[in-house]
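Accompanying notes for the structure given below.
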Amino acid sequence: MIKRSSRNSSIELLRILSMFAIVIHHYAYHSTFKWWVYNTQYLGALKVNLFLHFFGKLGVDIFVIIGAYFLCEKKFNFRRPINLMLVTIFYSFGIWIFLKFILQT
Numbered sequence: 392m393i394k395r396s397s398r399n400s401s402i403e404l405l406r407i408l409s410m411f412a413i414v415i416h417h418y419a420y421h422s423t424f425k426w427w428v429y430n431t432q433y434l435g436a437l438k439v440n441l442f443l444h445f446f447g448k449l450g451v452d453i454f455v456i457i458g459a460y461f462l463c464e465k466k467f468n469f470r471r472p473i474n475l476m477l478v479t480i481f482y483s484f485g486i487w488i489f490l491k492f493i494l495q496t
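My numbering numbers the first residue of the sequence shown as 392 and each following residue consecutively.
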């Protein structure tokens, strides 16, 4: 018989919310919000920006903790990191070829 692990929906919801927080943090960091930090005229926007940055950092922490929690029960497989490295090298090389030779400007 195959042992099936049951998923806790509240942990999955927390994981989804932490992913959303990370995306919001990236939006706040890389968008036009950044110039508001240096302009004292927009104090309310500064508070929003700082809140979004805090929200994103908290999301990263929660996501890492949940990922570590799920990984604790798995047995370590030595082939898994090697396969991940090979796939990463393959796609990185493919993207490099595409950018270097096909999209030359």
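Beta carbons are placed, not taken as given, at the ideal position from N, Cα and C, and that holds for glycine.
The structure displayed is predicted, hence computed values, not measured ones.
Coil, strand or helix - residue i by DSSP
i	result
S464	With the sequence shown as reference, residue 464 is identified as Glu, and Ser is not the correct amino acid for it. E464 falls in the coil class under three-state DSSP.
S422	coil
S400	helix
Pairwise C-alpha distance: residue j and residue i
i	j	result
H421	T479	25 Å
L437	A419	11 Å
G485	V414	26 Å
R398	N468	22 Å
L475	G435	44 Å
S370	R470	Only positions 392 to 496 of the chain appear in this structure, which leaves residue 370 out of reach.
L490	F445	35 Å
Segment limits, alpha helix (DSSP H) that includes residue i
i	result
I493	It is not in any alpha helix (DSSP H) - I493 carries neither H nor E in the DSSP assignment.
F481	R470 to I488
Near the ligand FAD: residue i beta-carbon under 7 Å from a heavy atom
i	result
F445	You won't find the ligand FAD in this model; it holds no ligand whatsoever.
(request) Would you check if there are 3 or more beta carbon pairs closer than 8 Å linking the region 445-456 to the region 401-421? (result) yes
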